[in-house]
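Notes follow the structure.
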Amino acid sequence: MFSALTLGCSTSGAASCSSSGKGTCCFEAPGGLLLQTQFWDTNPSTGPSDSWTIHGLWGDNCDGTYSENCDSSRDYTDITSLLTAAGATDTLSYMKDYWLNDDGSSEELWEHEWATHGTCYSTLETSCFKDYTKGDEAVAFYETVVSLFKTLPTYKWLADSGITPSDSKTYEWTDVEAALVKNGNGLKPMVTCDSGSIGAISWYFNVKGSLVDGDFVAIGELRVPSRSNVSNRPSIDSPESSTCSGTVKYPTKSSS
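Counted the way UniProt numbering counts, the sequence shown spans residues 1 to 256.
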């Protein structure tokens, strides 16, 4: 449960993608396969030198297809003013440090992520909110994305296994992946490499309840009887495979 807003949905029911039910305010469908996507931007560099940055939260359909730009009437602009008016200044401050655009203004990226992905969530329909004020659902989206990102410290998880950015050192991809699996509780994300350099990562989830006040369940968690000894059980693969292989680079940001 992340957002300061609430829909009052139970989190004891079925997780998204566990059934073919119709999307409601308390059951995310059809886009119930959620990807928390992160960037490692180095050219140009964005964000702190010791953290990945937010790309967004995408709701793929459970079969791997996806919808985009679902309601142009809710393509909000001036996200800074929207969050400020809602009292979500802590969220806004964090976004200014960790949700950054490497090609244009951060406002443009925030607007794009909401319009492209946020408007497609069934649990963020305006009718789901009691005493609705215009933009409440977008505020809830940004708060949820930020809060979920904070639970996924990709930089720290790699550093804990001795994998840190370097302009001279390279790493075996198998070691990088093993570090993510180990520190990510046995769940294997999808990592994207470009010309042999690590550049993006997606952590996969389902959600029990709504995107606003639900519980995010890492893909595979519902199928794992016990999570007390991660190292002694097979990893759970992400729905999509990483594009990295062999030896990979993890370049420093220019501010490192």
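All C-beta atoms, glycine included, are put in the ideal place defined by N, C-alpha and C.
Going by CA-CA distance only, name the one from 199, 200, 201, 217 that's closest to residue 207.
For the purposes of this step, residue 207 is identified with residue 207 of the sequence shown, where counting begins at 1. Ranking the options by Cα distance to residue 207, first place goes to 217.
Could you give the residue range of the alpha helix (DSSP H) that holds residue 156?
Within the sequence shown, numbered from 1, the residue matching residue 156 stands at position 156. Counting along the chain, the alpha helix (DSSP H) containing residue 156 begins and ends at 154-159.
Are there 16 or more other CB atoms within 10 angstroms of the CB of residue 137, so buried, or fewer, so exposed?
Locating residue 137 in the sequence shown gives position 137, counting from the first residue. Buried, by the Cβ-count rule.
Nearest-angstrom Cα distance between residue 247 and residue 132?
The residue given as residue 247 occupies position 247 in the sequence shown. The residue given as residue 132 occupies position 132 in the sequence shown. The alpha-carbon atoms of residue 247 and residue 132 are separated by roughly 51 Å.
Could you pull out every residue in the same chain whose Cβ sits closer than 6 Å to the Cβ of residue 225, ignoring the five residues on either side in sequence?
As a first step, residue 225 is located in the sequence shown; it is residue number 225 there, counting from the start. Residue placement at residue 225 is poorly supported in this model, since its pLDDT is 33, which falls under 50; the coordinates still yield a value, given next. Around residue 225: no qualifying Cβ.
Does the beta-carbon distance from residue 32 to residue 117 come in below 7 Å?
For the purposes of this step, residue 32 is identified with residue 32 of the sequence shown, where counting begins at 1. For the purposes of this step, residue 117 is identified with residue 117 of the sequence shown, where counting begins at 1. It is not a contact, given that the beta carbons lie outside the stated cut-off.
Do you know offhand how far residue 147's Cα is from residue 154's?
As a working mapping, residue 147 is identified with position 147 in the sequence shown. As a working mapping, residue 154 is identified with position 154 in the sequence shown. In a straight line, the C-alpha of residue 147 is about 14 Å away from that of residue 154.
Can residue 249 and residue 49 be called in contact, C-beta distance under 7 Å?
If you number the sequence shown from 1, residue 249 lands on position 249. If you number the sequence shown from 1, residue 49 lands on position 49. Not a contact, by the Cβ cut-off of 7 Å.
Skipping 5 residues on each side, what residues in its chain have a beta carbon closer than 7 Å to that of residue 126?
The residue labelled residue 126 in the question sits at position 126 within the sequence shown. Excluding positions up to five away in sequence, the list reads 132, 137.
What beta strand (DSSP E) runs, 3 residues minimum, are completely inside the stretch 48-109?
With a minimum length of 3 residues, the continuous beta strand (DSSP E) runs that stay inside the stretch 48-109 are 53-60.
Taking Cβ positions, are residue 212 and residue 5 nearer each other than 7 Å?
Mapped onto the sequence shown, residue 212 falls at position 212. Mapped onto the sequence shown, residue 5 falls at position 5. A contact, by the Cβ cut-off of 7 Å.
Quick one: what does DSSP say residue 43 is sitting in, helix, strand or coil?
Start at 1 with the first residue of the sequence shown, and residue 43 comes out as number 43. Residue state, collapsed to three classes: coil.
Here's the rule: buried if 16 or more other CB atoms are within 10 angstroms of the residue's CB, otherwise exposed. What is residue 17?
What you label residue 17 is simply residue 17 of the sequence shown in a count that begins at 1. So residue 17 ends up on the buried side.
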